[in-house]
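Accompanying notes for the structure given below.
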Amino acid sequence: MQKNRTAFKCAAIGISTVVAVCLGKAVLWGYVRWAENVCPDRQVAPYIKRMAAIHQTPEYRAFKELQEAITESRGAKVPDQVQGVAMSSLLYRTVVIQGESFGLYYPNMEVRQCAVWTGFNYQKWYLPVDDRASRALARCRVVKDVCFRANEYGFKGTGQPRDPEKPSILFCGDSFTEGVWVRPEDTFVARFNRKMQLDGFEAQALNLGISGYSARESCCLIQQYSRLFNARMAVLNLFPNDVIDDHPGTQQPWDPGDGYACMFHYVSGFVQHCLAEGITVVVSAIPDRCQFSTRSQDWVFQARIRAWCKEHDIVFLDPGDYFDGKGVAQVYFHWDTHFSPGGHRHYADFLYASLRAMLAVQFPSAEVRTSPPRPDVQVPAP
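Quick note on the numbering used here: the sequence shown kicks off at 351 and runs consecutively.
Next comes the structure, spelled out in C-alpha cells:
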C-alpha cells in the first residue's frame, strides 16, 4: 500500500509539472500575441516581444546559418560556461605533464576566435579556420574575428619566432595572457617583448597563456618549459576565477577558502620550481572589470595574493589603480570581460615600467637606454 501511494505521488508530481510548463508556455505565447496585436504602439513587454521576434531578424538568421556551418564542418564543441565561449574540441590536443592531462593547440593550427551579435546576445567561438564557416561569418554581424597560427609548441605566441640563443621571460596565465580577441602581435606579451628590444635587452618574452588555465596548469607548464626556453624570469598572471572550482552537477555551497587554498598550493609549486632553477618570479593579479564598479569595493582577491607574496618574499604587482586611472572603458571590451587592444597596451606599459629595473639586473650586459620611461607609463612606487 505504501509503495502504491509513493508511486501515485510521483506520478501526480510529474503530471503537475508537465501541466504547469505547458500552461506557462501558453500564457507567455498569449501575452506576446496580445502585446503585438492588441497594443502595437505601446511599450508593452519590449523584452518579451524582442525574444519572440528575434528569429525574424537578419542577424539571427545569419547566426543560425553560421551555427549550422560550424556544426556540420567542425563537429563537436566543448562549451566553456564560465566565459560563455564554445570552443571546438578539434583545436586542442591532450598533453600529459607531470602526470596531469592538459589541452594545448595543435602545433601550427590555424585558429579563429570570433564573436557575433545574434540580435539578442553575443555568441563567441574558438574554431579551426574553415572556408564554409568563413563564408557564413561574412553574412553575420561580426563583433570580432581574429585568426592566427599557433606556434610549434601549441601556444598563441607573440607574432615573432623564438630565438633559441636568447634567455626568456615566460608569461603564464589564462585567456587574459593568451590574449583572446586580439592578434598575437597586439597582446601585452608581444608589446612587452618589443619594449625590451627597443631598450636593447638581450632577452625575449614568451606567451604561455592558454584559455581556461589556472595556477594548476601554469605550475605544470613552468616545470615543462622553463629549461627548454632558457627562462630567467617568470610572470604568473592570476585572475579572480582562479579561486573558483567549477564542479558539474549539484554541489555544496561554494567556500572561497577552498579555492584560495588550492590556488596558493599551485602558486607555491610554481614559485618553488622557479627558485630551484634560479628563475626570478613575479606574481601579478589582473582585476576583473566588475571590480571597478561603484557598487563593488571587493578587492579581497588582490589583498590575499599581496599578503601571500609578502609572506614568501615574492614580487607582487597590482595594476588596479593604474587601470582605474586610465578608465575601465580604455582597458576592457564593452561586450566581453577581457582586455581590449588598448587594455593590452596599458598592461604592457604597466608591467614594463614596474619590471624595467629588474630586467637591468637580470640582463646586465644589455646596452639599456638611460632615459626614463615616458610619463604615461610611469607607475607609482608601491
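Beta carbons: idealized from backbone N, C-alpha and C, even for Gly. Just so you know, these numbers come straight off a predicted model, no measurement behind them.
With distances taken between CB atoms, is the gap from residue 550 to residue 523 smaller than 8 Å?
Taking 8 Å as the cut-off, the Cβ atoms of residue 550 and residue 523 do not count as close.
Separation of residue 684 from residue 409, as counted between CA atoms:
Between the alpha carbons of residue 409 and residue 684 lies a distance of about 19 Å.
Between residue 705 and the rest of its own chain, which residues show a CB-CB distance below 7 Å, the 5 nearest in sequence each way excluded?
632
Examine the ligand MN and report whether any of its heavy atoms sits within less than 7 Å of the Cβ of residue 547.
With respect to the ligand MN, the structure shown offers nothing to examine, as it has no ligands at all.
Taking C-alpha atoms, which residue in 571, 498, 569 and 563 lies nearest to residue 536?
498
Within the continuous alpha helix (DSSP H) that includes residue 300, where are the two ends?
The requested residue 300 is not part of the displayed model; the chain covers only 351 to 732.
Cβ pair count under 8 Å reaching 3, the stretch 485-504 against the stretch 538-546
no
Where does residue 421 land, buried or exposed, given buried means 16+ other C-beta within 10 angstroms?
exposed
Among all the DSSP beta bridges, which residues are the ones paired with residue 444?
453
Cβ contact check for the stretch 559-573 and the stretch 511-529: 3 or more pairs under 8 Å:
yes
Check whether the stretch 577-592 and the stretch 457-470 are in contact - that is, three or more C-beta pairs closer than 8 Å.
no
Restricting to Cα atoms, I'd like to know which of 569, 712 and 412 is closest to residue 482.
412
So, residue 584 versus residue 572, is the Cβ gap smaller than 8 Å?
yes
Could you round the C-beta distance between residue 460 and residue 570 to whole angstroms and report it? I think they count as a contact, below 8 Å.
Contact flag wrong, Cβ pair sits at about 26 Å.
Where does residue 643 fall in DSSP's three states?
The three-state reading of DSSP puts residue 643 in coil, since its state is none of H, G, I, E or B.
Ends of the beta strand (DSSP E) at residue 463?
460-467
Residue 473, enclosing beta strand (DSSP E) - first and last residue:
472-478
Could you give the first and the last residue of the continuous alpha helix (DSSP H) run that contains residue 668?
From DSSP, residue 668 is part of no alpha helix (DSSP H); its letter is neither H nor E.
Going by DSSP, what residue range makes up the alpha helix (DSSP H) through residue 495?
Premise fails: residue 495 lies in the beta strand (DSSP E), 491-499, not in any alpha helix (DSSP H).
Going by Cα to Cα distance, which pick from 580, 710, 446 and 538 is closest to residue 624?
580
Leaving out the 5 sequence neighbours to the left and right, which residues in its chain are closer than 6 Å to residue 687 when beta-carbon positions are compared?
639
If I measure Cβ to Cβ from residue 617 and keep anything under 6 Å in the same chain, skipping five residues before and after, which residues do I get?
Hits under 6 Å: 565.
DSSP three-state label for residue 618, please.
Helix at residue 618.
Using CA atoms only, rank isn't needed, just tell me which of 519, 452 and 622 is closest to residue 663.
Among 519, 452 and 622, the Cα nearest to that of residue 663 belongs to 622.
If you run the structure through DSSP and keep just helix, strand and coil, what is residue 683?
If DSSP states are grouped into helix, strand and coil, residue 683 belongs with coil.
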